[in-house]
Amino acid sequence: MLEKMISILLVEDDEVDVMNVKRAFKKENITNPIFIASNGLEALTILRGNHAKYPEFPQERRLILLDLNMPKMGGIEFLQELRSDPQLRPTPVVVMTTSNQDQDRVEAYNLNVAGYILKPVTFSSFVEMMVTINKYWILCEMP
């Protein structure tokens, strides 16, 4: 089962949302490793294997959960950089944001995101969202 494990890079600057994702994973026994980046620049450093805290971030079987509204480098800017890098381009990304703006949604899909999900308000809805994302990626059986 370990070879089926997908490493999750959560790109999120809100500590409460980071905690909610971790709590939701724990509550539902989702054992995928979670790596945390607080902005797009840090996420790119992790993905490229240059981060001091996560030098061993897997190059295969990985998924990015991405917030859009972050300091230093926001989600759309991060997606533009990710998609322009031949090594990182194939990495699947699910946007998980509070932004319900059509422009953000259109830009994200134009940058080939696998999904665009609005963050739920309640913790139980947050758990449900994490379970759904996890089930979806298990069904996809990423290579």
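Using UniProt numbering, the letters of the sequence shown map in sequence onto residues 1 to 143. Glycine is no exception: its CB is placed at the ideal position from the N, C-alpha and C atoms.
### Expected contact under 8 Å - CB spacing of residue 72 and residue 49 to nearest Å
Not a contact, Cβ separation roughly 20 Å.
### Message
Can you give me the C-alpha to C-alpha distance between residue 9 and residue 84, rounded to a whole angstrom?
### Response
19 Å
### Among 105, 7, 36, nearest to residue 15 - alpha-carbon criterion
36
### Query
In whole angstroms, what separates the C-alpha of residue 13 from that of residue 67?
8 Å
### Task
Pair every Cβ in the segment 109-129 with every Cβ in the segment 88-97, then say whether three or more of these pairs are closer than 8 Å.
yes
### Message
So residue 55 and residue 7 are supposed to be a Cβ contact under 8 Å. How far apart are they, rounded?
### Response
In fact, because the Cβ distance is near 14 Å, the residues do not count as touching under 8 Å.
### Task
Buried or exposed for residue 5, please, with buried defined as at least 16 other CB atoms from any protein chain shown within 10 angstroms of its CB.
exposed
### Message
Quick check: the Cα distance between residue 81 and residue 113, rounded to an integer number of angstroms?
### Response
13 Å
### residue 1 versus residue 25 - alpha carbon distance
Low local confidence applies: a pLDDT of 40 at residue 1 is under 50, so the model's placement there is unreliable, with the coordinate-based value given in what follows. Cα to Cα, residue 1 sits roughly 17 Å from residue 25.
### For residue 133, three-class secondary structure by DSSP
helix
### Query
Buried or exposed: where does residue 79 fall if 16 or more other Cβ atoms within 10 Å of its Cβ makes it buried?
buried
### Task
Would you mind stating whether residue 11 and residue 43 have Cβ atoms separated by less than 9 Å?
yes
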